[in-house]
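Inspection log for the structure reproduced underneath, given as structure tokens.
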Amino acid sequence: MGSGSSRNIPSLTDRSLAHGVAVFSLALTAWVRAAWLVHFHPYPLDLVDAEGYHLLAVNLLAGRGFAIGWGFPFCPTAVRTPLYPLLLAGIYAALGEAPRYVALLQILSEVLTAALTVALAREVASHARAKVGIPGRVPLWVGPLAGLIYALNGTTQRFTGYLLAEALLLPLLTLALWTTLRLLRNPDPWQGWGVGVVWGLVLLTKPNPFYLAVGILLVAGGNLVHRCGGAAWRPLGAMFAGLTLCLAPWVMRNRLVFGRWLLSTAFEENLARVSAVAVLARVRGVEAEPWTDTWEYLYDQVVGVSRHVRERADVDCRTRLLWAARATSTARRILRRHGWAFVTTH
């Protein structure tokens, strides 16, 4: 029995090797991202979304509010959630308005994501082994291998070189998954509070994972109720309290500004700005690349107002909100009328 249990304890050499590979994966993550920046020299504001995040940060620092625009009027927006623009504003305040510095700092967020991936892989392996009844420790190579895979993953490179919220979303989302699994292993109220706060930060960074967050939290809650019964209410209550308190200030702001309880208008704007325009182009047999004159001409027909009028500085914010609401309503009608074109274009 003693010799059998001792074989489950990794040797000092094995542990040192595993730790060394894990550290190497972090260094490799930084090197691959830095090499990509050096080789391709991306300008951090080249993408439309990146320029929008930059303007939000600049306007926040200038006291113009949470607004996207180079000039007057600086109308409040909810198309983006606030966490990444606030991070940019903090970096600009400390280092100056230099997007290239942000791109360099975002390499560190990738290193953090790699480290969290190592921890998440071990946690997933631990849960999987417990689920199927495999005794013993998680193999040492699980975490470092996941770190190496992430280090060599090329799909996240563009998030390093441009001002995109995914640079912050990736470490937060990985942290959210890791803390959720830890809550299932140790259903403590403080763990639950932390899980709720981290998922709230994920949604304040980018609203896209909303349904993922809801699904995971419901599954985690069901698992806790199944295993713990009535005792699950404390960690679950803490989890949803943390999530609610994290999101409440932003949602309240949107209620006061726009008159609606909402996290973001990104879906509505994408519907009008992208989906409906792409469908119109398909139906009319027109080649239209995003943000070209042809694209903007088609969008004029969705919103019912010409680009020239929309860009006038003397149009107040209330009128612009009415235009946006009309564009969303028109976009929905277009998509209902041309459902097959919507499917084929997306």
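Our numbering puts the first residue of the sequence shown at 7, with every later residue one more than the last.
Cβ atoms here follow ideal geometry from the backbone N, Cα and C, with glycine treated the same way.
query, result
"Neighbourhood of F46 by C-beta distance below 8 Å, restricted to the same chain and skipping five residues each side", "G167"
"Short Cβ contact (8 Å threshold) for T211 with Y90", "yes"
"Expected contact under 8 Å - CB spacing of H60 and P105 to nearest Å", "6 Å"
"Nearest-angstrom beta carbon gap, A173 and V208 [assumed within contact, 8 Å]", "The Cβ separation is near 13 Å, so there is no contact."
"Contact the segment 189 to 196 vs the segment 141 to 155: 3+ CB pairs below 8 Å", "no"
"Collapsed DSSP secondary structure at A24 in the structure displayed", "helix"
"Three CB pairs or more closer than 8 Å across the segment 308 to 316 and the segment 325 to 335", "yes"
"Residues that DSSP places opposite P82 in a beta bridge", "A73"
"Ordered list of alpha helix (DSSP H) runs contained in the segment 197 to 242, each at least 4 residues", "216 to 234"
"H232 versus I97 - alpha carbon distance", "45 Å"
"Exposed unless 16 or more other CB atoms sit within 10 angstroms - verdict on P213", "buried"
"Reference K137; option with closest CA among L190, V124, L286", "L190"
"Presumed contact (8 Å Cβ cut-off) between L362 and A99, rounded CB distance", "Nothing about residue 362 can be read from this structure; the chain reaches only from 7 to 352."
"Close beta carbons around G77, own chain, < 8 Å, minus the five adjacent residues each side", "A319"
"Three-state secondary structure (DSSP) of H344", "coil"
"Where V117 falls, given that 16 or more other Cβ within 10 Å makes a residue buried", "buried"
"Beta-carbon proximity list for A40, same chain, < 7 Å, skipping 5 on both sides", "I113"
"Proximity winner among E274, L187, Y107, V289, relative to H133 (alpha-carbon distances)", "L187"
"Burial state of G26 (16 or more Cβ within 10 Å)", "exposed"
"C-alpha gap between V257 and T334, whole angstroms", "20 Å"
"Nearest-angstrom beta carbon gap, T351 and A284 [assumed within contact, 8 Å]", "4 Å"
"Inter-residue Cα distance where the pair is E302 and G153", "43 Å"
"Inter-residue spacing [alpha-carbon to alpha-carbon] between A347 and A282", "10 Å"
"Euclidean distance between Cα positions of P48 and R279", "25 Å"
"Beta-carbon proximity list for R21, same chain, < 8 Å, skipping 5 on both sides", "L146"
"Neighbourhood of P50 by C-beta, 7 Å cutoff - its chain only, sequence neighbours within 5 removed", "A56, P105, R106, V108, A109, G167, Y168, L169"
"Terminal residues of the alpha helix (DSSP H) in which D306 lies", "299 to 309"
"Local conformation of Y59 per DSSP, three classes", "helix"
"Reduced DSSP category for I97 - H, G, I as helix; E, B as strand; rest coil", "helix"
"Endpoints, the alpha helix (DSSP H) within which T185 is located", "172 to 191"
"Coil, strand or helix - T350 by DSSP", "helix"
"Backbone CA spacing between V29 and V225 [nearest angstrom]", "33 Å"
"Buried or exposed by the 16-neighbour rule on C-beta atoms within 10 Å, applied to Y217", "exposed"
"Exposure label - N260; buried when at least 16 CB within 10 Å", "buried"
"Beta-carbon spacing of L249, W205 below 8 Å", "yes"
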